[in-house]
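Undergrad:
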Amino acid sequence: MIFAETPTNPMMKVLPLRALSALAKAHGALFAVDNTFLTPYYQRPLTLGADIVVHSGTKFLSGHHDVCCGLAVVGEDPALADRLALIQRTLGNALSPFDSWLTLRGIQTLPLRMEKHSANALAAANYLAAHPRVAQVNYPGLPSHPQYGLLREQASGAGGVLSFLLADDRVQSVLHGGKLIRFAESLGGTTSLITYPQTQTHASVPASLREKIGITPRLLRLSVGLEHPDDLLEDLETMLK
Ligand SMILES: *Cc1c(COP(=O)(O)O)cnc(C)c1O
């Protein structure tokens with residue numbers, strides 16, 4: 000199986016879904032895509048050649064920081080669907096009724112939330128890109144992003160997550176300096192969260208590999224919530240003082 004995540008967490012690289020699908024098919028492999036960051040509202044990997052799409056429903060799909068949930072979706076392949084259903088039945092990892100209900104309820108406002116997450120993320124990305132304490136912003140909705148064109152070919156929006164590289168080592172005051180933007184590991188909920196990949200999400204990745212893919216001590220990830228953009232930018236200003 001080729002397993003891809005696009006945009007990647009936390010570097011926000013965009014991977015070519017159609018090309019990866021062709022590569023998998025040429026080798027008789029399945030092609031699976033983690034679509035957590037963009038959700039089906041912005042990106043539909045099954046229409047671009049994926050066999051399986053997985054989501055952390057914990058994030059944008061449920062969207063309110065109150066569910067732990069995962070989904071695997073298959074296209075027109077009943078045998079593959081049966082295999083996954085068998086795994087789910089035998090491992091007993093079906094979601095509880097209440098968590099299922101919360102997730103379904105979250106999905107009802109997915110389009111509204113994704114539009115707002117994206118608009119806020121673009122505002123934050125532009126603000127950060129112009130800030131003297133920020134050396135680099137990774138957000139595929141910025142025309143300066145190396146795969147801006149590719150994203151526009153295969154997705155209809157850039158979503159609510161970005162990462163950025165501080166120009167100095169004063170990381171802790173940025174992580175803890177916000178009033179609205181909380182220091183926490185998750186993403187995709189109503190509230191903006193700032194994450195330190197090196198010690199949180201990617202702590203289990205060997206240091207040499209982290210360095211190689213750009214997860215350095217100055218890299219921070221921001222999940223942009225549904226706050227008023229003025230409040231959001233004011234909080235970023237305070238954090239970066
Ligand atoms: C959070 C996350 C996961 C893991 O999902 P959980 O719901 O936390 O188990 C997988 N992929 C991506 C891209 C994520 O952001």
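Note that numbering that gives the first Met the number 0 numbers the sequence shown so that position 123 is 122, with each residue one more than the last. Beta carbons: idealized from backbone N, C-alpha and C, even for Gly.
1) Assuming residue 27 contacts residue 53 (C-beta within less than 8 Å), just tell me the rounded distance between them.
2) Could you name each continuous beta strand (DSSP E) segment of 3 residues or more that falls completely within the stretch 7 to 37, going from the start of the chain to the end?
3) Does the Cβ of residue 57 lie closer than 6 Å to at least one heavy atom of ligand 1?
4) In terms of residue numbering, what span does the beta strand (DSSP E) encompassing residue 199 cover?
5) Considering only residues of the same chain and omitting the five flanking positions on each side of residue 144, which have a CB-CB separation below 8 Å?
6) Please report the Cβ distance between residue 241 and residue 195, rounded to the nearest whole angstrom; I am assuming they are in contact, meaning their Cβ atoms lie under 8 Å.
7) Considering only heavy atoms of ligand 1, does any lie closer than 6 Å to the CB of residue 8?
8) If we count the other Cβ atoms within 10 Å of its Cβ and call it buried at 16 or more, is residue 58 buried or exposed?
9) By Cβ distance below 7 Å, which residues in the same chain neighbour residue 117 in space, the five residues on each side in sequence not counted?
10) Given 6 Å as the limit, tell me if residue 35 has its C-beta closer than that to any heavy atom belonging to ligand 1.
11) So what does residue 74 bridge to, in DSSP terms?
TA: In brief:
1) 21 Å between Cβ atoms; not a contact.
2) 30 to 33
3) yes
4) Per DSSP, residue 199 belongs to no beta strand (DSSP E) and is neither H nor E.
5) 11, 13, 137, 138, 150
6) Outside the shown range of the chain (0 to 240) lies residue 241, about which nothing can therefore be said.
7) yes
8) buried
9) 140, 156, 157, 158, 159
10) yes
11) In the DSSP output, where bridge partners are listed per residue, residue 74 has none listed.
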